[in-house]
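Worksheet: the structure to be examined is printed underneath.
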Amino acid sequence: MCGIISVIDRSRSGMDGSSIKKALSLMDERGSGEGAGYAAYGVYPDYAEYYALHIFYDNLVEPKVAVDEILRKWGHIEDQEEIPTVEQPDLRRTHIPWRYFFKPDISLMPGSRTPDEDIVMKLVMQINTTIPGAIVFSSGKNIGVFKASGWPEAVADFYQIEKYEGYIWLAHNRYPTNTSGWWGGAHPFNLLDWSVVHNGEITSYGTNRRYIESYGYRCTMYTDTEVVAYLCDLLGRKHGLPEDLMVRAFAPPFWDEIDQMPDEQQRLNQAIRLTYGSALMNGPFAIVVATAEGIVGFTDRIKLRPLIAAESGDRLYISSEEAAIRRMEPALDRVWMPKAGEPVIGRVRI
Amino acid sequence: MRKEIVIDADGLHYTPLNKKIRSAVQDGVSQIRIDNVLGQRFIADGLKGEVTITVNGIPGGDLGMFMSGPTVEVFGNCDHAPGNTMDAGEIIIHGSSGDATAHSMRGGMVMVRDDIGYRGGIHMKEYGEHRPVLVVGGNARAFLGEYMAGGLVIILGLQEKRVLPDRGIGSGIHGGEIFIRGDVPERLLGVGAKKAEATEEDKARIIPFIRQYAERFSVDPSRLIEDGYTRITPASGRPFANKYTWE
Amino acid sequence: MSLGSVPMKFKVRIDTDECMLCERCIENCPYGTYRLEGEKIHIDSRRCVACHRCVAMCPRDAITIEEKPIDYRSHPVWSREAREAIYNQARTGKIVLAGMGNAQDLPSIFDRLLLDACQVTNPSIDPLREPMELRTYLGKKPRKLDLHRNDKGDVLLKTTLAPNLRINTPIMIGHMSYGAISLNAQLSMARAVADQGTFMGTGEGGLHPSLRQYQDNMIVQVASGRFGVDIDYLERGAAIEIKIGQGAKPGIGGHLPGEKVGPDVSQTRMIPERSDAISPAPHHDIYSIEDLKQLVHSLKEATEWKKPIFVKIAAVHNVAAIASGIARSSADAVVIDGFRGGTGAAPRVFRDHVGIPIEAAIAAVDQKLRSQGIRNEISIIASGGIRDAADVTKAIALGADAIYIGTAALIAMGCRVCGTCYRGQCPWGIATQIPGLTKRLNPDVEWQHVANLFKGWTLEISELMGAAGINSIESLRGNRDRLRAYLLDEAMMNVLDVKPVGA
């Protein structure tokens, strides 16, 4: 079932992780204690130009040697360390979370419009599919994902997320269905700039996976949400669709609605459905996607999962439950339920 | 004898909260006020008796589920399915409510000041003396009264700009009736639903509820009573009848 | 020494207690099985093909037909069919001709694939009350969209979409020509597809003038004989299909015997009356893949790039690579016809031994196109032995965009799959041009039966999708996660990219 919550401060003011931790714990009824996680944007200002690679290692010998080698081949490691953690009584440590600040050597990816991203994406796929005992779970600039198997509070305290300040936060309280609660299966899922939290189950996963894999992405986390991050990267970054049209591709209007649109709109929506039919997501879902520029929340076309949005000053909140939002901010200017398939978008002011 | 108690729900899990409510009802308390409610589910779940509960805050889902008798008045928005499978009593919401409001409700009344989410009144049913009523001051989202098997749904549409429920109104409806203020285009009706302008006789059935709404939320009832309503009912009591053939 | 006669295939009996000598069996059997002798109907069982026309028309259910009343000594290698083919060929020295699809007792892959349904973790959708979208577009789709924003901030579409066929249900009727089947059969099917918002193929028999009213729902065929093909014909079709091969007889051509070429067939095929219509094995302007591209381009040029062009091939061993070549030829859809595909007549040795199952072909083609990043270039239409809504659903889950039925549509009009189409005396008025027989098939009645079949299957597909929590057919297409293999070997599962049950 899962609970999700996210917040953006449009003025880029930093928020520490303490209040989102409280909000997420309020939705413990939606989780099972087998996975929780947080993504924060703007947490590594001193390394803003470097890709922050967060990796779960099973040990620091074979997998790490292999990862170090491949990173050095493809670029420069500015810094690396074990992600600071504090042992929690009810959180079983099964991996060692590690982080690198990495700059790819773009001369190694000639002919690409986005060589940095292409190298990092390739490395993520390569490490996750070929190096046993290493899983990259966060790979964006100035972005950090912090996740593990456990209840939201334990995971937050394990990573001490109150010490991080971000202008966007995404958080997820997991009730796993597809896979048992292993650390890699916890949300948020991240690739480059994209982070995703998701409530629901994507019944079109097989179609989406086979579509995205034909573009060189590899699904390795045994769960449906991963594919959303990759679809965002393909449609949003590589194909350049604006967020609203990307969401339109994921949760398009019904044909009978398209048939009633004015000509120009009809043509556009038909083109989206024809071109991106394999990216359409079916089944019940509520999703929030974040990039450095903002957050987008949306649900499936027939609204089988809850999603509430709210505003307070510069801050936009999106969550499974209003109560969770009010745990972060009791005084809200506006609370509303977004329509099925229609995105709620919060962008930072430039 | 009128006894009243106050419960502070701040940080309280729903099980101890409901335990307090139940023991108070057993002690003959007739008025319960719960303050600082935030996200607690199942408030008054399966509760019987004659008691009025005031909820201050934002309750979690399934408020008043299986409830049989009490009145719950919420000052705040409700989450999913308030009045779920409720038998008798009243839920009054000073705010809005989430998806599947009044799901499978068999009796009593749910009255929402503002909007409700998707699938409002889904599979509401009636039996014998039980006849559930859902009154919504604002608007409803898609699939209103889906699968409805009985009872009464009233959508007053009181928002500043008139918005209609989305597609699939009364989809699969095979009992009961839905009233929506104003006209409703045919394309919004679901499979198996038909519409007609409400007659004076029809309206007579909903006017008492309109008056209750107006009184409760201090709105002038005269316009709501004068206006025309669309009545949506089943085209047939057996929407699946034409789907199957014997092997 | 004479080989003697082989045991009769069928034994026909009439229950004389029930028979009222109405003689309907005599009137209905074109093969002369029955004749009246005094107060009794005499039966020549050797003439019977088990078409069941007499059984269907007997008002008293008095007729029983027993199959293989006398069998040979059983032997696992020397089956009845093997022995009889030898007697036949010993006698004639010729190729054995057979009708309908592959008659070998090979396991069906479809039957060993099981579909999924939702329980708890996501809700199944009831298609009666919530939207269920089966609408499908066949044709080339862009790989990505080219958009730009105008000054007002509106997003404008710069990409021009290639012409696509819109179908309301993923089921179409494949190509069965006028000549192979009767005009009444074609008229019934054409009216049905027009009513249901889908399409049928003309086959390589031209387009009879009385079918023009349905031309917006017809796909015209250009096959190796080019019969009936002129610019008027091409312009009338909603799409054009180039037929390279056929699942029932991959690698060989066709032959419509002169006796079927009456005045009307002569007119639509544009060949002289009573002359044989011979479709060569290959198109003699296509000896390689680049020649196919020439024909595709020429057809597009002739019809001003307004119509999708389909290319139909038989599912053969290298089907994936061939389909990939077709995808690069600027064709808009590839039709793959599996080894169970039906036909009026095919050499038995081809029908039963050449080609591969459609299930494996769909899986291989879809995977190949995806691995090359060209799946959007072309639609996949699967055909060959599709029997019911479950087969359709499984074909789509394996990766097809739509399917063609053939035999199933004929069965909806009465065909009993007796497999004797090549005799040209079809008692149901389907595979015949004899006026006395074709008039038995009333298009005003039979179109409804074909349409009903579409409706029933469409409802069932909707239910299966709804149960799987899918409300749009795009999300079923290629969704092999929703299939599981039961009793298929590991190599087969790898080809299909399907997990075993329980996994």
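Protein chains in written order, with the working numbering: chain A, 1 to 350; chain B, 1001 to 1247; chain C, 2001 to 2503. Note that CB positions come from ideal geometry on N, CA and C, so glycine has one too.
Asked	Found
Separation of C:Tyr-2404 from B:Tyr-1213, as counted between CA atoms	58 Å
Three-way DSSP call (helix, strand, coil) for B:Leu-1063 in this model	coil
Closest residue to C:Leu-2488 among C:Trp-2078, C:Thr-2160 and C:Arg-2112 (Cα-Cα distance)	C:Arg-2112
Chain C contact for A:Pro-284 (CB, 7 Å cutoff)	yes
A:Phe-158 (DSSP reduced to helix, strand or coil)	helix
Cβ pair B:Ile-1169, B:Ile-1232 closer than 7 Å	yes
Enclosing beta strand (DSSP E) for C:Val-2365 [first to last residue]	Per DSSP, C:Val-2365 belongs to no beta strand (DSSP E); it is in the alpha helix (DSSP H), 2358–2371.
Residue range of the unbroken alpha helix (DSSP H) whose run includes A:Asn-199	Per DSSP, A:Asn-199 belongs to no alpha helix (DSSP H); it is in the beta strand (DSSP E), 194–200.
Buried versus exposed call for C:Pro-2107 [16 or more other C-beta atoms within 10 Å across all chains shown]	exposed
Length of the line joining the Cα atoms of B:His-1130 and B:Arg-1106	6 Å
Proximal residues of chain B, C-beta to C-beta of C:Leu-2464 below 9 Å	Within 9 Å Cβ-Cβ: nothing; C:Leu-2464 doesn't reach chain B, min ~14 Å.
Where A:Val-196 meets chain B, residues with beta-carbon distance less than 9 Å	Within 9 Å Cβ-Cβ: nothing; A:Val-196 doesn't reach chain B, min ~22 Å.
Straight-line gap, C:Ala-2346 to A:Val-120 (C-alpha atoms, nearest Å)	57 Å
Under 8 Å by beta carbon: chain F residues contacting A:His-239	Protein chains in the displayed structure are A, B and C, and chain F is not among them.
Under 8 Å by beta carbon: chain A residues contacting B:Glu-1060	With the sequence shown as reference, residue 1060 of chain B is identified as Gly, and Glu is not the correct amino acid for it. The answer, in chain order, is Glu-29, Glu-321 and Ala-323.
Any chain A beta carbon closer than 7 Å to B:Asp-1114	no
Neighbour list for C:Ile-2043 in chain A, Cβ cutoff strictly below 9 Å	Near C:Ile-2043 there are no residues of chain A at all, since even the closest Cβ is about 56 Å away, more than 9 Å.
Under 8 Å from the C-beta of A:Tyr-215: neighbouring residues of chain C	Gly-2373
7 Å Cβ cutoff met for A:Ile-325 and A:Val-344	no
Where C:His-2353 sits in the DSSP three-state scheme	helix
Backbone CA spacing between C:Gly-2399 and C:Gln-2294 [nearest angstrom]	28 Å
Which listed residue (A:Asn-59, A:Gln-265, A:Ile-106 and A:Thr-291) has its alpha carbon closest to that of A:Val-197	A:Thr-291
Segment contact flag, the region 1129–1145 of chain B with the region 1095–1104 of chain B, C-beta cutoff 8 Å, min 3 pairs	yes
Chain-ordered neighbours of B:Tyr-1147 on chain A, where CB pairs are closer than 8 Å	Simply none; closest approach about 14 Å.
The region 2367–2375 of chain C touching the region 2165–2174 of chain C, judged by at least three CB pairs closer than 8 Å	no
Range covered by the beta strand (DSSP E) that runs through B:Gly-1151	1149–1155
For A:Ser-149 and A:Ala-39, believed in contact at Cβ under 8 Å, the rounded distance	Wrong, their Cβ atoms sit about 17 Å apart, outside the cutoff.
Beta carbon proximity, B:Leu-1038 to chain A, threshold 7 Å	yes
Minimum Cβ-Cβ distance from B:Val-1136 to chain C less than 7 Å	no
Where the alpha helix (DSSP H) containing C:Trp-2447 begins and where it ends	2443–2467
Beta-carbon proximity list for B:Gly-1137, same chain, < 7 Å, skipping 5 on both sides	Val-1112, Arg-1113, Asp-1114, Leu-1156, Leu-1158, Tyr-1213 and Phe-1217
Span separating the alpha-carbon of C:Val-2392 from that of C:Ile-2358	11 Å
Chain-order list of residues whose beta-carbon lies under 8 Å from that of C:Val-2334 (same chain, five-residue window excluded)	Phe-2310, Val-2311, Lys-2312, Ile-2313, Ala-2323, Ile-2326, Ala-2327, Val-2365, Ile-2378, Ser-2379, Ile-2380 and Ile-2381
Proximal residues, the region 1185–1200 of chain B versus chain C, C-beta separation under 9 Å	Gly-1190, Val-1191 and Gly-1192
7 Å Cβ cutoff, A:Thr-275 in contact with chain C	yes
Where B:Gly-1228 falls, given that 16 or more other Cβ within 10 Å makes a residue buried	exposed
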